[in-house]
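Novice: Let me begin by handing over the structure; questions about it come next.
2 protein chains.
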Amino acid sequence: MSVRELGLPARAPAGWLPDRVTIWEVGARDGLQNEQVALGVEAKIEFLDRLAAAGLTVLEATSFVSPKWVPQLADAEELLAGLARRPGVRYPVLVPNERGLDRALAAGCTEIAIFGSATETFARRNLNSTVDGQFELFEPVVRRALDAGVEVRAYLSMCFGDPWEGVVDVEQVVRVSRRLLDLGCFQLSLGDTIGVATAGQVERLLGALGEAGVGTEALAVHFHDTYGQALTNTLAALRCGVSTVDSSAGGLGGCPYAESATGNLATEDLVWLLDGLGVEHGVDLDALVSTSTWLAERLGRPSPSRVVRALSK
Amino acid sequence: MSVRELGLPARAPAGWLPDRVTIWEVGARDGLQNEQVALGVEAKIEFLDRLAAAGLTVLEATSFVSPKWVPQLADAEELLAGLARRPGVRYPVLVPNERGLDRALAAGCTEIAIFGSATETFARRNLNSTVDGQFELFEPVVRRALDAGVEVRAYLSMCFGDPWEGVVDVEQVVRVSRRLLDLGCFQLSLGDTIGVATAGQVERLLGALGEAGVGTEALAVHFHDTYGQALTNTLAALRCGVSTVDSSAGGLGGCPYAESATGNLATEDLVWLLDGLGVEHGVDLDALVSTSTWLAERLGRPSPSRVVRALSK
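Structure below.
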């Protein structure tokens with residue numbers, strides 16, 4: 001058989017996997033912000049509580065982005081006021097700027113996430129800034145958060161492909177990643193925002209980050225399933241040593257019947273994989289499927305998750 | 001980082017991939033036989049011709065199973081009589097027994113596929129036989145086919161999970177696999193008929209087959225996407241040295257809105273992965289997506305392939 005080597009070496013030894021994966025559940029934030037139907041605040045609170053009851057321990061609850069941009073999450077304060085926080089469960093929130101941080105601190109949040117762009121075009125369109133300029137935005141947010149005892153995660157968008165710029169340069173992603181972690185963020189989530197990446201790209205980026213001294217313990221992965229690659233990319237990342245994976249219950253975040261189906265990796269499909277691999281995750285799959293089925297009814301459409309469709313009657 | 005080893009070692013060196021993958025396109029057979037809408041013979045012929053024009057070189061064209069069981073493919077003779085075979089394209093057909101072989105030979109077929117079961121329950125339900133008993137059925141079919149200069153592929157169903165028996169014993173699969181190849185079949189396609197397998201199981205089975213002297217050059221993989229694992233399993237198999245993959249254009253073979261979505265791995269999603277990995281396949285993705293979009297309109301439902309949905313306007 002003729003074979004060939006693939007890019008840079010993976011980080012972890014071949015065939016290895018983490019004993020346990022932390023699922024960073026983004027359904028209530030990244031999922032709902034992209035759904036056409038806006039849920040009421042009571043339904044969101046019930047959704048979060050059911051996710052916690054199903055065993056998920058990191059629930060990104062909402063976003064303090066301006067309601068002008070994300071009307072679906074305009075009820076962030078009301079949601080956090082009504083949410084009964086469970087012991088052992090973290091409820092990070094997305095924060096775009098100092099104004100968002102003020103709101104998050106006022107709402108009693110103890111963990112936030114900022115979001116940066118790996119590409120100039122997306123930095124301009126999403127943040128009205130540049131790749132360098134965005135750090136002026138982030139620096140006071142992270143500093144003030146850390147001073148207040150609030151932990152900060154960073155998202156990095158467009159780590160693999162960009163709809164305007166095409167394939168994204170690995171060295172550019174490494175540079176921005178290092179700067180985000182250097183700000184004091186405890187974790188960096190590498191995002192395939194438009195869902196175009198494939199497994200080889202994932203391995204190459206993780207390899208390049210490792211060469212640059214960014215270990216997988218500081219990394220998470222965030223895949224969208226636009227081209228059906230999300231779970232395959234996730235396995236590639238686990239094999240490289242990543243042990244935190246972003247996903248959304250039921251694959252929320254993109255209508256499967258719309259032209260552009262850009263839903264997140266479905267948490268259920270991830271759990272099915274982890275169960276098969278014998279990797280611990282702490283989630284009760286039946287309870288999760290039942291939650292996603294309930295939510296899909298509220299949203300008026302079937303879940304795009306294959307596992308949800310297969311297991312729900 | 002705490003890590004652990006996964007089952008048996010993979011067959012090929014870590015991180016390696018085949019230079020080229022042969023896509024065994026099963027849409028016209030495994031796909032259409034599971035669709036609720038029966039296509040007319042002209043549409044099937046156009047479908048096959050468009051698949052060939054898109055660069056696919058192995059097209060499983062139809063089945064000589066009794067029309068009583070698979071009414072969707074009752075027009076096998078008419079289809080083969082009307083099909084303009086392209087040079088360089090193979091058109092294997094499925095054959096269940098000697099009666100089916102007679103029909104295939106009469107239709108001028110030069111390549112057939114038989115299908116066996118790895119489990120007792122499925123052997124009884126699908127073949128009205130047993131795991132041992134099925135070989136009495138296959139032996140004269142394969143012998144007569146080879147005598148007539150017809151090449152024979154074998155499918156093995158339920159290699160990972162069985163709806164009645166649960167997880168399938170690896171040693172049982174290895175035993176049946178060896179017997180099928182010993183009959184004289186040139187290739188064995190390992191089927192996850194109900195789509196429950198995960199990557200670790202795939203690696204363990206391929207490892208066990210290797211230990212038993214069954215090299216990956218005689219193997220193909222055949223995954224269904226019921227639980228969203230088909231592409232991830234495929235990558236695991238490629239990494240182990242497999243270079244023939246079964247898939248169906250547009251993910252034909254299971255309605256995404258039915259309770260049980262059991263479609264095959266979508267050829268387009270596989271092509272997207274292979275393109276990203278730099279593995280050759282010979283398929284024109286745009287022409288394939290356009291074919292699947294055309295067929296989905298005929299079938300009256302959107303394609304379950306993520307790539308088809310993302311690329312079709």
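Quick mapping for you: the protein sequence lines, in order, are chains A and B.
So in UniProt numbering, the last spot in the first sequence is 313, and the numbers never skip.
So in UniProt numbering, the last spot in the second sequence is 313, and the numbers never skip.
We put the CB at the ideal spot given by N, CA and C, even for glycine.
Along the chain, which unbroken stretches of the beta strand (DSSP E) at least 3 residues long are found entirely within the region 217–297 of chain B?
Specialist: You should have 219–223 and 244–247.
Novice: How would you call residue 316 of chain A, buried or exposed, if buried means at least 16 neighbouring beta carbons within 10 angstroms?
Specialist: Outside the shown range of chain A (1 to 313) lies residue 316 of chain A, about which nothing can therefore be said.
Novice: Could you please give me the residues that DSSP links to A:A154 through a beta bridge?
Specialist: DSSP lists A:I114 and A:L188 as partners of A:A154.
Novice: Checking 9 Å against the spacing of the C-beta atoms, do B:E280 and B:V21 come in under that value?
Specialist: Contact flag set, yes.
Novice: So with Cβ pairs under 9 Å, would you call B:T291 a contact of chain A?
Specialist: So, not an interface residue.
Novice: Can you confirm whether A:Q201, when its beta carbon is compared against all beta carbons of chain B, has any partner nearer than 9 Å?
Specialist: True, the Cβ-Cβ gap to chain B drops below 9 Å.
Novice: Say whether the region 235–246 of chain B touches the region 294–313 of chain A, bearing in mind that this needs 3 or more beta-carbon pairs closer than 8 Å, one atom from each stretch.
Specialist: No, they do not touch.
Novice: Can you look up B:R143 in the DSSP assignment and give me helix, strand or coil?
Specialist: Helix at B:R143.
Novice: Would you kindly work out how many angstroms separate the C-alpha atoms of B:E151 and A:V58, rounded to a whole number?
Specialist: Answer to the nearest angstrom: the Cα atoms are 55 Å apart.
Novice: Measuring CA to CA, which of B:L252, B:A74, B:A218 and B:W164 is closest to B:A154?
Specialist: Checked all of B:L252, B:A74, B:A218 and B:W164; the closest Cα to B:A154 is B:A218.
Novice: Give the interface partners of B:D102 over in chain A, defined as CB-CB distance under 9 Å, in chain order.
Specialist: The contacting residues do not exist; B:D102 stays about 37 Å from chain A at best.
Novice: Kindly indicate if chain A contains any beta-carbon less than 9 Å away from that of B:D284.
Specialist: No, its Cβ sits nowhere closer than 9 Å to a Cβ of chain A.
Novice: Return yes when the Cβ of A:G88 is within less than 9 Å of the Cβ of A:R143, no when it is not.
Specialist: For A:R143 and A:G88, no; Cβs fall outside 9 Å.
Novice: Along chain B, in chain order, which residues have C-beta atoms closer than 8 Å to that of A:D246?
Specialist: In chain order: nothing, as chain B lies at least about 16 Å away.
Novice: Among residues of its own chain, excluding the 5 on either side of B:P71, which ones have a beta-carbon nearer than 7 Å to its beta-carbon?
Specialist: The answer, listed in chain order, is A38.
Novice: Let me know if A:G166 comes out buried or exposed under the rule of 16 or more other beta-carbons within 10 Å of its beta-carbon.
Specialist: So A:G166 counts as exposed.
Novice: Per DSSP, what kind of secondary structure is B:R301 in: helix, strand or coil?
Specialist: Coil at B:R301, not helix or strand.
Novice: Run through DSSP, which three-state label would A:D169 get?
Specialist: Three-state result, A:D169: coil.
Novice: Under 9 Å, do B:V141 and B:L101 count as touching if we go by C-beta distance?
Specialist: Going by C-beta atoms, B:V141 is nearer than 9 Å to B:L101.
Novice: Starting from B:S303, find everything on chain A with Cβ-Cβ shorter than 8 Å and list it in chain order.
Specialist: Those do not exist, as B:S303 stays about 11 Å from chain A at its closest Cβ, beyond 8 Å.
Novice: Cβ of A:G228 less than 9 Å from any chain B Cβ?
Specialist: So yes, A:G228 belongs to the interface.
Novice: Mind checking A:T62: buried by the 16 CB within 10 Å criterion, or exposed?
Specialist: Buried: at least 16 other Cβ atoms inside 10 Å.
Novice: Is there a Cβ of chain A sitting closer than 9 Å to that of B:W272, yes or no?
Specialist: Closer than 9 Å: yes.
Novice: Under the three-state reduction of DSSP, which class applies to B:E60: helix, strand or coil?
Specialist: Reduced to three states, the DSSP call for B:E60 is coil.
Novice: Look up A:I23 in the DSSP assignment and give the residues it is bridged to.
Specialist: In DSSP, A:I23 forms a bridge with A:V245.
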